[in-house]
Each structure stands twice: as C-alpha cells, then as structure tokens.
C-alpha cells in the first residue's frame with residue numbers, strides 16, 4: 539500500500555514489543571491474546587488496518603520513539619477471541635506525543651523518509667550484497683549445512699538496507715539504530731561494517747576448524 543496522504547502527521551495505535559524491530563517490507567506474524575490488543579485489532583479490522591510497532595527497550599522498558607507502521611494482511615480468530623494476524627511493515631514513523639494510554643497507546647506520529655541522495659549508491663549496495671553472500675557461504679561451511687541464499691533479496695539500495703537490517707539476529711538495539719537512520723547511504727555503510735566484522739569472525743573460525751580437522 540503506497541503512502542500518498544498529503545498530511546504527514548496522524549494518530550496511530552501503537553503496539554510495543556520487547557526487543558523486536560520491524561522494517562518496511564518485512565512480514566511480522568503476531569499472536570494477539572492480551573485483552574487491550576484484542577480490542578485494538580478488532581477496532582482496526584473495522585477500518586484502517588494499520589498500527590505502529592515500537593521496540594521496547596530491554597534496559598528501560600520504555601518504547602522507542604521511532605517505529606514502523608504495520609498493516610494487517612490476514613487474520614484468523616482463535617478460541618477466547620484470541621487472534622493470529624499476519625502483518626507487513628510499511629513506512630517508518632516518529633512518535634511526537636501520546637494521545638492516550640488506555641485501553642492501548644495511541645500516538646501522534648509523523649512519517650519518515652530517507653533523505654534523497656544525488657550520489658550513486660549502487661556500488662555500496664553491491665558491497666553489502668557481496669558481504670552478505672560471503673557470510674552465508676562461511677556460515678554454511680562452518681556448520682556443514684546447506685544454507686540457501688534467498689532469491690528475493692532486494693536490489694534497490696533503500697530496500698536492500700531494510701532487508702539486511704531486518705535479518706540481523708540478537709542485536710535489537712543495533713537494528714533500532716539502523717531503523718532510526720534517515721540516510722540510506724549511512725545505513726548501508728554501517729551494514730558494511732557489521733557484515734565485514736561478521737565475515738572476518740566466521741573466516742577465522744572456519745580456518746581454525748579446518749586446522750583441527
């Protein structure tokens with residue numbers, strides 16, 4: 539769904555999740571069981587199916603200020619009015635203020651876009667893609683498993699930067715930092731650093747494994 543609204547500020551129901559960062563274009567399945575969020579989803583299904591996902595900081599327990607809008611694609615009702623929903627990440631947003639706290643949080647948010655660039659980001663995106671494939675290849679070699687590289691990796695720089703960020707595991711604070719960046723080039727450069735470090739670590743472990751074998 540494209541965001542073509544001329545108004546860049548709107549109210550949005552908010553769903554904070556512990557150590558989970560949603561990125562544009564990524565699917566997020568959810569099991570809705572808390573009463574307040576059952577109310578929220580039932581309300582959303584009667585109209586606009588969009589809500590905001592915010593990461594809960596593991597240290598403070600407070601939600602981040604920058605999150606990603608999610609749209610409900612499919613839902614399934616379970617016993618006791620619980621639900622399974624499948625959502626997809628759309629546009630990034632920043633919370634300006636909270637409109638209300640109960641029964642669930644609603645925030646006044648502004649949509650965020652990456653700053654346009656006149657530079658050619660294709661070489662940087664190519665570096666990220668190459669490093670990603672190196673990491674997958676070394677991971678497969680280290681674990682003696684076949685790891686398939688997805689055939690749907692985006693090629694456009696911004697979409698690629700979101701895809702790579704969403705596939706980092708166990709580093710929610712790093713993911714949140716990447717989500718908050720408003721510059722595709724800066725996001726890709728940081729991912730080059732992360733992937734280079736990961737590749738070098740895997741290469742060293744693989745070399746040690748080969749020596750020991």
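In this note's numbering, the protein residues as written are 539 to 751.
Note that CB positions come from ideal geometry on N, CA and C, so glycine has one too.
The structure presented is a predicted model; accordingly, all values stated were derived computationally and were not measured.
Best match in the options for proximity to residue i [C-alpha to C-alpha]
{"i": "residue 569", "options": "729, 597, 685, 621", "result": "621"}
{"i": "residue 577", "options": "677, 640, 558, 739", "result": "640"}
{"i": "residue 602", "options": "665, 587, 673, 716", "result": "716"}
{"i": "residue 614", "options": "589, 650, 580", "result": "580"}
{"i": "residue 667", "options": "574, 593, 589, 734", "result": "734"}
{"i": "residue 659", "options": "673, 699, 674", "result": "699"}
{"i": "residue 742", "options": "687, 679, 692, 708", "result": "679"}
{"i": "residue 740", "options": "690, 697, 677, 657", "result": "677"}
{"i": "residue 721", "options": "619, 652, 548, 616", "result": "652"}
{"i": "residue 694", "options": "663, 688, 586", "result": "663"}
Status (buried if at least 16 other CB within 10 Å, exposed otherwise) for residue i
{"i": "residue 583", "result": "exposed"}
{"i": "residue 745", "result": "exposed"}
{"i": "residue 729", "result": "buried"}
{"i": "residue 625", "result": "buried"}
{"i": "residue 598", "result": "exposed"}
{"i": "residue 630", "result": "buried"}
{"i": "residue 542", "result": "With a pLDDT of only 40 at residue 542, under the threshold of 50, the placement of this residue in the model should not be trusted; the figure read from the coordinates follows. Flag for residue 542 reads exposed."}
Which of helix, strand or coil DSSP assigns to residue i
{"i": "residue 549", "result": "strand"}
{"i": "residue 614", "result": "strand"}
{"i": "residue 723", "result": "helix"}
{"i": "residue 609", "result": "strand"}
{"i": "residue 620", "result": "coil"}
{"i": "residue 718", "result": "helix"}
> Is the stretch 631-646 in contact with the stretch 543-560, if contact means three or more CB pairs nearer than 8 Å?
Replying inline: yes
> Is there contact here, the stretch 700-708 with the stretch 722-740, by at least three beta-carbon pairs under 8 Å?
Replying inline: Taking 8 Å as the limit for Cβ pairs, the verdict is that the stretch 722-740 does touch the stretch 700-708.
> Do the stretch 593-607 and the stretch 557-564 make contact, defined as three or more Cβ pairs closer than 8 Å?
Replying inline: yes
> Which runs of the alpha helix (DSSP H) spanning at least 4 residues fall entirely within the stretch 556-599, listed in chain order?
Replying inline: Runs of the alpha helix (DSSP H) inside the stretch 556-599: 573-582.
> At what residue ranges does the stretch 652-710 contain a whole run of the alpha helix (DSSP H), taking only runs of 4 or more?
Replying inline: 660-681, 695-704
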